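In my numbering, the protein residues as written are 13 to 405. Beta carbons are placed, not taken as given, at the ideal position from N, Cα and C, and that holds for glycine. The structure presented is a predicted model; accordingly, all values stated were derived computationally and were not measured. Following: one structure in structure tokens, then a few remarks.
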């Protein structure tokens, strides 16, 4: 294939320029207002974004911070997770899920995922609650993977019955909900990321902690500002994790569009499902199995969940070869995540071995994220699916 043909048929994994073209005037005006004010860190723009995002999430408070990684650490630390504690979480997630636990001085306890959704399996968590690994267990951190909430009915019950803090890793789930309640208002605290690839994205790093506990929110505000409420007086050791006003200004503009963009993502995901089923590559998503005759498996969405598709992910036979084929046709794709956290070299000291989390390890070999963003066209989606069909023909 020539370079010219690749350029003509290219389908990017993500194209933020298309989004910017629509909101450019609003964003530039918001940035200019901050520049004119010269209130560049925290201040009224950040406070306004915190109020607006808390109202959107249905949470009592929201606290802006420097990144999604910091949002997770701040959530855990404000919940009292400390040295010697342990936290149950998934190994099938971005590195920050585990590193935020380590940063608190605690120990991550990795539990397997459910193969149908790839979210943390509450049944496996329940078994772990009664094992030796649960010594000094302080919290459970479910991840709302790819934009679908974990089974919060079960996790909220575990929190009540075992006196555990439930900290949502909602980095990929701004606008997702469970039984009509939005991610970020389901546990004791939640961490969001506004990294540029997210559904609600900043123009750099930015994050948010949300909670229904106003005292916990005040604790987060101290921690993000070197443990200080009053300048030069420090009640504890915190960190510098303040949100820049320009990022807050951009996020305030985008917040007005998030429901529209998430609705479009849901439409795109439904169309992918329909196209893949119609051409015989997959069956409609059902819980509990994968027909061996079909090379693609669709992930399930639980009926209680409002999925906002930060990523559209399939499980694919010969995944790596398929990805090379798509790349040769100018089609973007990604693998989230190729190496589970329990198999990362830096966590060798935790003692996990290959085979300990079989569903997680198999998913890492099969998952493939296809292009999805609100501005992708039907024609581009068709090209993606046709290229997949060509590969498996």
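For this session: Mind reading off the beta-carbon distance from residue 324 to residue 280? Whole number of angstroms is fine, and I expect it under 8 Å.
Result: Working through the chain shown from its first residue, we reach residue 324 at position 312. Working through the chain shown from its first residue, we reach residue 280 at position 268. The Cβ separation is near 7 Å, so the contact holds.
Exercise. Alpha carbon to alpha carbon, what distance is there between residue 311 and residue 125?
Worked result: Position 113 of the chain shown, counting from 1, holds the residue named residue 125. Position 299 of the chain shown, counting from 1, holds the residue named residue 311. Taking the Cα positions, residue 125 is about 13 Å away from residue 311.
Exercise. Do you know offhand how far residue 228's Cα is from residue 80's?
Worked result: Counting from 1 along the chain shown, the entry for residue 228 is found at position 216. Counting from 1 along the chain shown, the entry for residue 80 is found at position 68. Distance between the alpha carbons of residue 228 and residue 80: 18 Å.
Exercise. In or out: residue 143 buried (at least 16 other Cβ within 10 Å) or exposed?
Worked result: Within the chain shown, residue 143 is the residue found at index 131, counting from 1. So residue 143 counts as exposed.
For this session: Kindly identify the DSSP beta-bridge partner or partners of residue 232.
Result: As a working mapping, residue 232 is identified with position 220 in the chain shown. For residue 232, which the question treats as bridged, DSSP gives no partner whatsoever.
Problem set entry | Spatial distance of residue 46 from residue 212 (CA atoms) | Position 34 of the chain shown holds residue 46. Position 200 of the chain shown holds residue 212. Distance between residue 46 and residue 212, taken at the CA atoms: about 20 Å.
For this session: Excluding the 5 residues preceding and the 5 following residue 19 in the sequence, name in chain order all residues of the same chain whose CB lies nearer than 8 Å to its CB.
Result: For this step, residue 19 is matched to residue 7 along the chain shown. Only weak support exists for where residue 19 lies, its pLDDT of 43 falling under 50; the value from the coordinates is given anyway. 342.
Exercise. Between the beta-carbon of residue 226 and the beta-carbon of residue 72, is there less than 8 Å?
Worked result: In the chain shown, counting from the first residue as 1, residue 226 sits at position 214. In the chain shown, counting from the first residue as 1, residue 72 sits at position 60. Closer than 8 Å, so yes.
Problem set entry | Close Cβ partners of residue 373 (< 8 Å) along its chain, the five nearest in sequence each way excluded | The residue given as residue 373 occupies position 361 in the chain shown. The answer, listed in chain order, is 352, 355, 366 and 367.
For this session: Would you mind sorting residue 405 into buried or exposed? The rule is 16 or more other CB atoms within 10 Å of its CB.
Result: Residue mapping note: residue 405 aligns to position 393 of the chain shown, counting from 1. The residue in question, residue 405, is exposed, as its Cβ has fewer than 16 Cβ neighbours within 10 Å.
For this session: Identify every run of the beta strand (DSSP E) within the segment 230 to 280, keeping only runs that are complete inside it and at least 3 residues long; order them along the chain.
Result: 240 to 242
For this session: In angstroms with no decimal places, state the Cα-to-Cα distance between residue 192 and residue 43.
Result: If you number the chain shown from 1, residue 192 lands on position 180. If you number the chain shown from 1, residue 43 lands on position 31. Those two C-alpha atoms are separated by around 34 Å.
Problem set entry | Element boundaries [alpha helix (DSSP H), containing residue 332] | Counting from one through the chain shown, the residue named residue 332 turns up at place 320. Segment 331 to 340, the alpha helix (DSSP H) holding residue 332.
For this session: Starting from the C-beta of residue 105, find all residues in its chain whose C-beta is less than 8 Å away, skip the five residues before and the five after it, and write them out in chain order.
Result: Walking along the chain shown from the start, residue 105 turns up at place 93. Only 155, 157, 181, 349 and 353 meet the Cβ criterion.
For this session: State whether the segment 242 to 249 contacts the segment 281 to 295, with contact taken as three or more CB pairs (one from each stretch) at a distance under 8 Å.
Result: no
Problem set entry | residue 276 versus residue 251: straight-line alpha-carbon distance, rounded | Translated into positions along the chain shown, residue 276 becomes position 264. Translated into positions along the chain shown, residue 251 becomes position 239. Using only the alpha carbons, I get a separation of about 38 Å.
Problem set entry | Cut-off 6 Å between Cβ atoms - residues of its own chain near residue 13, not counting five sequence neighbours on either side | Working through the chain shown from its first residue, we reach residue 13 at position 1. Only weak support is given to the placement of residue 13: the predicted model assigns it a pLDDT of 35, under 50, and the value that follows is read from those uncertain coordinates. Closer than 6 Å at Cβ, skipping near neighbours: no residue.
For this session: Report buried or exposed for residue 68, applying the criterion of at least 16 other Cβ atoms within 10 angstroms of its Cβ.
Result: For this step, residue 68 is matched to residue 56 along the chain shown. Residue 68 should be labelled buried.
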